[in-house]
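Chemist: First, the structure itself, so that you have it in front of you.
Number of protein chains: 4
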Amino acid sequence: MAIHSAANKRKSSAPDKRDRILKAAIKVFARNGFYATRVSEIAKTAGVADGTIYLYFKNKDDVLTSIFEDGIQRLLAILREVAASDDPVEQRITRIIALQLGLLEDQRDLAEVITVNLRQSSRLLKQYAAPLFMEYIEVLAGVVDEGQKQGVFRRDLNARVVARALFGALDGILLTWALGEADPQALRKAAGHCASLFLEGLRER
Amino acid sequence: MAIHSAANKRKSSAPDKRDRILKAAIKVFARNGFYATRVSEIAKTAGVADGTIYLYFKNKDDVLTSIFEDGIQRLLAILREVAASDDPVEQRITRIIALQLGLLEDQRDLAEVITVNLRQSSRLLKQYAAPLFMEYIEVLAGVVDEGQKQGVFRRDLNARVVARALFGALDGILLTWALGEADPQALRKAAGHCASLFLEGLRER
Amino acid sequence: MAIHSAANKRKSSAPDKRDRILKAAIKVFARNGFYATRVSEIAKTAGVADGTIYLYFKNKDDVLTSIFEDGIQRLLAILREVAASDDPVEQRITRIIALQLGLLEDQRDLAEVITVNLRQSSRLLKQYAAPLFMEYIEVLAGVVDEGQKQGVFRRDLNARVVARALFGALDGILLTWALGEADPQALRKAAGHCASLFLEGLRER
Amino acid sequence: MAIHSAANKRKSSAPDKRDRILKAAIKVFARNGFYATRVSEIAKTAGVADGTIYLYFKNKDDVLTSIFEDGIQRLLAILREVAASDDPVEQRITRIIALQLGLLEDQRDLAEVITVNLRQSSRLLKQYAAPLFMEYIEVLAGVVDEGQKQGVFRRDLNARVVARALFGALDGILLTWALGEADPQALRKAAGHCASLFLEGLRER
DNA sequence: CATGAATGAGTATTCATTCAT
DNA sequence: TATGAATGAATACTCATTCAT
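So the sequences go chain by chain: A, B, C and D. Per the working numbering, the first sequence starts with residue -16, numbered consecutively. Per the working numbering, the second sequence starts with residue -16, numbered consecutively. Per the working numbering, the third sequence starts with residue -16, numbered consecutively. Per the working numbering, the fourth sequence starts with residue -16, numbered consecutively.
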C-alpha cells in the first residue's frame, strides 16, 4: 500500500501530464536542440500551459536532466540486460548496435535522445551525461572483455578503446543519417555493415 | 628596421588580433559551451573590446564557425595529401588515424570545441559542419574504395559506411579523451588499437 | 455583477493595456521624438514592464505605426462619410478642413506625433503612411473632381494636386500649432481662413 | 588682412573638404534621414575618412546643425531677396513657390534639405529649425501682408495663416512627389497649379 | 591635417519564470 | 491543479567617437 501510494504520487493524478511533457521535450529537443527550444514550445507540443511545466519540473534544465535520468537509465538498463544475456558475445554486440541506432522499435526516442542531446549542454554534459556515458562505455567494454576472456575476441586490443570506438562509430553513422537521407532501410543496412566490420576486426584467429 | 617593425605593427596586428580572439574563444567555448559563453567574455579573455570582435567576425556564430574552418580545413588538406599518396592503403588508413588524433593531441580545448560545441547548434551543424564533414567522409571513403578495388579490403562493406564509422570512432575516442584524462600517451595508444581494429575488420581473406 | 466585473478584469484589461501603452507612447514620442524615445521609457510611462509592450506590439516601429493607423483610420472613416454626403461640395470641403483640424485640436501630442514623428523614419513613412496618405488624397481629390464636374470648381487645376496642397496646408497649420501656441481658438480660426482661401482659389468664375 | 586670414581659417586649407562633407551629408540625410544615416556613410560619400569629419564638426548633430545654419540661412537670404524685390507681389509668390519646390536649378539641394530634413530630429527641430521655420513663415507672411496693403490680396485672411498654408501645401506636394513618381515635369506643373490656386484664392475682387 | 582601427556605451528584444485567478 | 498574462533580467550587436600613427 505504502509503496503503491508512493508510486502513485508520481503516477496517479498527473502521471500522463508529466510524461506528456517529457515526451514533448524529447521531441523538440531532438529537433531543435536544447538551447533553441523554448519552454513554450514544449508546452504547446505537450498540450499544456507554459506554467504547468513548472508544476512538474524545477526549470528548463530540470526537464533535460529528467530526460537523462528517466530515459537513459532505462536505456542503460536494457543495455545491461543485453550485455548480461546468455547470447554469444558476437550476437550481444549486434544487438547493442541495433539498440543504439534506435532500431529496436519502441526505443527509438530514447536512442535519439542519447545521441542527439548528449552534447547539447556543456554543463549538463559534464555533470550528468559524462558519468552515464562512461557507464555506457563500461558496459560495452564489459562485453568486449568477456569475449576476449572467452577467446572469441582478440586480446591485443584495449576493451575500453574498442568500446569508445564502437560508440563513436554508431554515433557518427546516426549523425550522418540524421543530417542527410534519413531512410530507415539505409540505417538498417549500415548497422549490418558496422557490426560485420567490428566483429571481423575483433575476431581472434 | 624601426620603420619595418612600425609598419608591421599595423599590418600584423590585425591577423594577430583575429588569432587572439579565436584562441580566447576556443578556451571559453571549451569551458562553458557555445551558448553559455558571452561575447564579452571572449573579448575580455582576448584582451580586446567587445566591438573589436565584430571587426573580424560577422557575429558570435561566425566565431565558432571560423574555429572549425580554420581547424578542419587544415585537417582536410593533410588528409587529402595522405589519401592521395602512393603508400599501401592500409598504411594510409593508419596514418589518417594517427593524423586526426595527433593533430589535436596538444589542443584539448580545440578538440572539445570541435567534438562537443559544434553539435550545440543544429543550425551551425547543418550549415557549416555538415558539408565539411561530408567532404571528409568522401576522401576517407575514397581510400577504402581503392583498397576494395585492389582486393586488399573486403568488398561486402559499403565504403561510405566504413568511412563514417571510422570518423565516428575517432570522434568518440577524442570526446572521451577531451572529457577525461587527456593524456597524449593514451591517445597515441588508442590510435594504434583503433587502426588495428579497423584494418582487421576490413581485410579481405 | 461581481462575476461579471471579475470576468471583465481579464478580458478588458488587455485592450486597456494596449491603450495605456499607446497613450504613453504618444506622450513620449511627442516629447522626445521617435528615435530618442526608449522602449523602456514608454513602458515606464504606461506603468507596464518592458516585455509587456511586446505582447501587444511587434516592435517599437509597430507602436508608432499603430498610433497612425488608430488615428488616421478614424479620420479616414469620417472623411469618407463627409466626402460622400449630399452637401454642396464647397460645404464638404469646409467640413473636411474643420474635421481634420478639429479632430486633433484637443490632442496636441497626437498632432505632433502625426506631423513630425512619422517623417523621422523614411521606412515607416514609405511603408505605412504613404498608402494611407494616398488614400486620403484620393478621397479629397474625389470631392474636388465632383465640384469640377458640377461646374462649381475651376477645371484648369488638377484635382489631385489641389488635394495634396490642401492636405499639406492643413498639415503645415497643424505643425505650427503643435510646435507653438496650441490655442484651440487659433486653430478654429485658421480653419476658416484656410477654407475660404481654398474655396476662392477653386471657384469657377 | 585680419579679416582675410579669419576667412581663410574656414575657407583656405580645407575649404572644399568641409563643403564636400556638408554636400555629402545633405545627400545622404535627404535619402535616408538623419537617424538612419551613419557617419561612415557620410564619410564614404564625401570621400574622406570617418575621423576626418570630426576635424570639421563637433559631432553628427553638428553636421545637421551646420547644414541648417549654412544652407537654410542662404535659402532664407534668397527668399528675403525675392520677397523684397520690386516685382509685383503675385510674381514674388510665384517665384517663392518655385524656390521652395527646388525648381531654381542650383538650389535644389537646399530645398530638399529644408523640406526633407526639417522634421528629422525633434530636438534639432525645436532648437534650430523651428525658429528658422518661423522666420520663413514670417517673410512669406510679409509678402502676403504687402499684397493686402496694396489692395491686391484680400484683407479678410490672416497673412500668417496663409503663409503656413502655402508652406504646408508646397511641403505636401514635394512629399508626395518624393514618395511617388518623382518626375520633374510633374512637379513643375504642380507648382503652376498651386500658384494659380493660391493667387486666385488671395485675389481681392 | 588625415586616417581608420579600436573602443565601449547604449538598447531593442527575447524568453524563462512567476503568480493572480 | 492549471492557466497564460505579465514580468524584467540578460545580452548580442551597432555605431558615434577617439587617438596612435
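The C-beta atom is built at its ideal place from N, Cα and C for all residues, glycine as well.
According to DSSP, is Ala12(A) part of a helix, a strand, or is it coil?
Modeler: First, the amino acid is wrong: residue 12(A) is Phe here, not Ala. It is helical.
Chemist: Could you tell me whether the stretch 163 to 182 of chain C touches the stretch 71 to 82 of chain C, where touching means 3 or more Cβ pairs closer than 8 angstroms?
Modeler: Because the criterion of three Cβ pairs below 8 angstroms is met, the stretch 163 to 182 of chain C and the stretch 71 to 82 of chain C touch.
Chemist: Is there a C-beta anywhere in chain A that falls below 8 angstroms from the one on Tyr119(B)?
Modeler: no
Chemist: Strictly under 8 angstroms for the Cβ-Cβ distance: is Asn42(A) near chain B by that measure?
Modeler: It does not; no Cβ of chain B falls within 8 angstroms.
Chemist: For Asp139(B) and Phe136(A), what's the separation of their Cα atoms in angstroms?
Modeler: 21 angstroms
Chemist: Measuring CB to CB, does Pro167(B) end up less than 8 angstroms from Asp89(B)?
Modeler: yes
Chemist: Grouping DSSP H, G and I as helix and E and B as strand, with all else coil, what is Arg78(A)?
Modeler: Judged by DSSP in its simplified three-state form, Arg78(A) adopts helix.
Chemist: Helix, strand or coil: which one does DSSP assign to Ala124(A)?
Modeler: helix
Chemist: Identify, in the order they occur along the chain, each residue of the same chain with its Cβ nearer than 8 angstroms to the Cβ of Val65(D), setting aside the five sequence neighbours on each side.
Modeler: Arg75, Arg78, Ile79, Leu82
Chemist: Among Thr48(C), Arg188(C), Glu121(C), whose alpha-carbon lies nearest the alpha-carbon of Ser105(C)?
Modeler: Thr48(C)
Chemist: Can you have a look at Leu38(C) and say buried or exposed, based on whether 16 or more other CB atoms are within 10 angstroms of its CB?
Modeler: exposed
Chemist: For Arg188(B), name the three-state secondary structure that DSSP assigns.
Modeler: coil
Chemist: Please classify Glu187(B) as buried or exposed, where buried requires at least 16 other C-beta atoms within 10 Å of its C-beta.
Modeler: By the Cβ neighbour-count rule, Glu187(B) is exposed, with fewer than 16 other Cβ atoms within 10 Å of its own.
Chemist: Scan the stretch 54 to 83 of chain B for residues whose Cβ lies nearer than 7 angstroms to a Cβ of chain A and list them as they occur along the chain.
Modeler: Taken residue by residue, none of the stretch 54 to 83 of chain B has a beta-carbon sitting less than 7 angstroms from a beta-carbon on chain A.
Chemist: Just to confirm, are Leu153(A) and Gly151(B) a CB contact at a threshold of 8 angstroms?
Modeler: yes
Chemist: Which class does Asn(-9)(D) belong to by DSSP, given the choice of helix, strand or coil?
Modeler: Note that Asn(-9)(D) scores a pLDDT of 38, beneath 50, so its modelled location is shaky and nothing firm can be said.
Chemist: Which residue's Cα is closest to the Cα of Gly130(A): Ala67(A), Ala7(A), Leu5(A), Leu101(A)?
Modeler: Considering only alpha carbons, the answer is Ala67(A).
Chemist: Is the shortest distance between the beta-carbon of Glu183(D) and the beta-carbons of chain C less than 8 angstroms?
Modeler: yes
Chemist: According to the Cβ coordinates, are Ala13(B) and Val96(B) closer than 8 angstroms?
Modeler: yes
Chemist: Can you tell me whether Asp33(A) is buried or exposed? The criterion is at least 16 other CB atoms within 10 Å of its CB, across all chains shown.
Modeler: exposed
Chemist: Would you report the Cα separation of Ile25(A) and Ala7(A), rounded to the nearest angstrom?
Modeler: 6 angstroms
Chemist: To the nearest angstrom, report how far apart Thr159(B) and Arg147(A) are at their CA atoms.
Modeler: 8 angstroms
Chemist: Roughly how many whole angstroms lie between the Cα atoms of Ala142(C) and Gly155(C)?
Modeler: 20 angstroms
Chemist: Alpha carbon to alpha carbon, what distance is there between Arg3(C) and Lys109(C)?
Modeler: 27 angstroms
Chemist: So, with DSSP's three-state summary, where would you put Phe136(D)?
Modeler: The three-state reading of DSSP puts Phe136(D) in strand, counting E and B together.
Chemist: Of all Cβ atoms in chain B, is any one closer than 8 angstroms to the Cβ of Leu108(A)?
Modeler: Output row for Leu108(A): interface = yes.
Chemist: In its own chain, which residues sit with a C-beta less than 7 angstroms from the C-beta of Arg171(D), not counting the 5 before and 5 after it?
Modeler: Leu86
Chemist: Does the beta-carbon of Asp128(D) have 16 or more other beta-carbons within 10 angstroms, so that it is buried, or is it exposed?
Modeler: buried
Chemist: Comparing C-alpha positions only, which one of Leu5(C), Leu149(C), Phe51(C), Ala29(C) sits nearest to Val99(C)?
Modeler: Phe51(C)
Chemist: Relative to chain C, which residues along the stretch 5 to 32 of chain D have a C-beta separation below 9 angstroms, given in chain order?
Modeler: Arg14, Asn15, Gly16, Phe17, Tyr18, Ala19
Chemist: Compute the Euclidean distance between the alpha carbons of Val189(D) and Val126(D), then round it to the nearest angstrom.
Modeler: As displayed, chain D neither begins before -16 nor continues past 188, which places residue 189(D) out of reach and without an answer.
Chemist: The stretch 124 to 137 of chain A: which residues have C-beta closer than 9 angstroms to a C-beta of chain B, in chain order?
Modeler: From the stretch 124 to 137 of chain A, only Arg137 have a Cβ closer than 9 angstroms to chain B.
Chemist: Any beta carbon of chain A sitting closer than 8 angstroms to that of Phe150(B)?
Modeler: yes
Chemist: Would you report the Cα separation of Ile61(C) and Gln103(D), rounded to the nearest angstrom?
Modeler: Taking the straight line from one Cα to the other gives about 30 angstroms.
Chemist: So, is the C-beta of Leu115(B) closer than 8 angstroms to a C-beta in chain A?
Modeler: no
Chemist: So which residues on chain D does Ile156(C) lean against when the C-beta distance must stay under 8 angstroms?
Modeler: Val144, Arg147, Ala148, Gly151
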